[in-house]
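Structure, as structure tokens:
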Ligand SMILES: Cc1ncc(COP(=O)(O)O)c(C=O)c1O
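In my numbering, the protein residues as written are 233 to 637.
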């Protein structure tokens, strides 16, 4: 099936507007995606018809809202093919999901001197939570280097593995380089040494079909807002035997079985990790976003976005002084680049005046910038609603701005 982009764009009201008198060209999808009307309407519908706090009430509205939240959990389970809904924890985002694992895992599984392996291309969300635990529990961090093309090599990971390695945590897709990391092989490698693996799928779950059982990953995290769903909702997938073993992350309502001042026992999965009132409106709307993605078909989305990626790469490379940062053979629809000596911030500001929204800066990946010896990049990231015409507008915009310098 070919995607009908013209029709798809009609589902995204924000895309029809002009900024500074120019049609909006939104190419900042790796930061957050726009929302289809069905998701926007779902939020309205929940607040207008069934809003009530969940899991606690005997009354009709509370039961309806609970059902809606738990249905969304099933939708997520099925989307990533988890074995059980108990393995789907709602959080506030990929960031909170990683903080949860880092805190619960290091507290219960690590002793001073134990090691966690990360890669140089990680987003700060997959660095700082481990550094915080390093300061609390005395673990050490080992970092896999990136190659010139922006890839990681299995042999470099294997070299860092020792008897003290407790976990490998890495991005499936780099938010800067677009590199699709060989996670199947990394997970297999980790498991051959009995080491669990966490996959940060924040930049892949909206582009690539994920099957957590086939992958056999131990943990996988992502954010709703990067997959056409609302902000404030994220997912932690964890294998049931790991989640059973790990202590709660936060305390509060919902996550308990019985409380006395002397001792508290905890609720069963997944509720043990969901303290307080969850964002049941957001979760329901995330379910709607997943239905939207599934209606288009992830395979169709992937094929179309690959086509856009290749078209954009080819066109951008025709510009004088163009340097693309991240040239892996396996890339998602993210292109970081620099043009001549022009500062990315200056270029980004001037492109904005032409109605073109791209990202500039370090993209929450300062260690990667240090490794590449640059301060930052411009980044264009594509979604299925972007078009070749928009790529052309970007290319013409860059040429026009470059002439000013
Ligand atoms: C690879 C990666 N991991 C984690 C995150 C953090 O996501 P959030 O800010 O939604 O928690 C991002 C956000 O850009 C990301 O690109």
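Even glycine gets a Cβ: it sits at the ideal position worked out from N, Cα and C.
Predicted model only: the values in this text are computed from it and were never measured.
Taking the C-alpha atoms as reference points, what is the distance between residue i and residue j?
i           : j           : result
residue 603 : residue 570 : 16 angstroms
residue 323 : residue 467 : 6 angstroms
residue 544 : residue 617 : 14 angstroms
residue 476 : residue 501 : 7 angstroms
residue 454 : residue 255 : 31 angstroms
residue 409 : residue 576 : 15 angstroms
residue 535 : residue 564 : 11 angstroms
residue 302 : residue 636 : 55 angstroms
residue 285 : residue 265 : 28 angstroms
residue 404 : residue 412 : 6 angstroms
residue 661 : residue 608 : What the structure shows of the chain is the stretch from 233 to 637, and residue 661 is not part of that stretch, so it cannot be assessed.
residue 560 : residue 377 : 14 angstroms
residue 538 : residue 290 : 49 angstroms
residue 531 : residue 339 : 40 angstroms
residue 269 : residue 526 : 15 angstroms
residue 244 : residue 480 : 38 angstroms
residue 406 : residue 280 : 39 angstroms
residue 494 : residue 299 : 34 angstroms
residue 210 : residue 460 : Outside the shown range of the chain, which is 233 to 637, sits residue 210, and nothing can be said about it.
residue 263 : residue 591 : 8 angstroms
residue 578 : residue 258 : 18 angstroms
residue 503 : residue 349 : 29 angstroms
Measure the Cβ-Cβ separation of residue i and residue j and say whether it is below 9 angstroms.
i           : j           : result
residue 519 : residue 464 : no
residue 533 : residue 444 : no
residue 558 : residue 634 : no
residue 430 : residue 402 : yes
residue 333 : residue 320 : no
residue 437 : residue 547 : no
residue 347 : residue 397 : yes
residue 456 : residue 357 : no
residue 434 : residue 458 : yes
residue 586 : residue 551 : no
residue 288 : residue 483 : no
residue 432 : residue 330 : yes
DSSP three-state call for residue i: helix, strand or coil?
i           : result
residue 554 : strand
residue 447 : helix
residue 620 : helix
residue 627 : helix
residue 250 : strand
residue 471 : coil
residue 385 : coil
residue 603 : helix
residue 488 : strand
residue 361 : helix
residue 263 : coil
residue 433 : coil
residue 510 : coil
Is residue i close to chain B? Criterion is C-beta to C-beta, closer than 9 angstroms.
i           : result
residue 273 : Note that chain B does not occur in the displayed structure, where there is just one protein chain.
Runs of alpha helix (DSSP H) lying entirely within the region 517-582, each at least 4 residues, in chain order: 530-549
Output the residues surrounding ligand 1, defined as those with a CB atom closer than 5 angstroms to any ligand heavy atom, in chain order. 325, 326, 327, 355, 357, 403, 407, 432, 434, 435, 455
Counting only runs that start and end within the region 289-346, where is the beta strand (DSSP E) found for 3 or more residues in a row? 320-323
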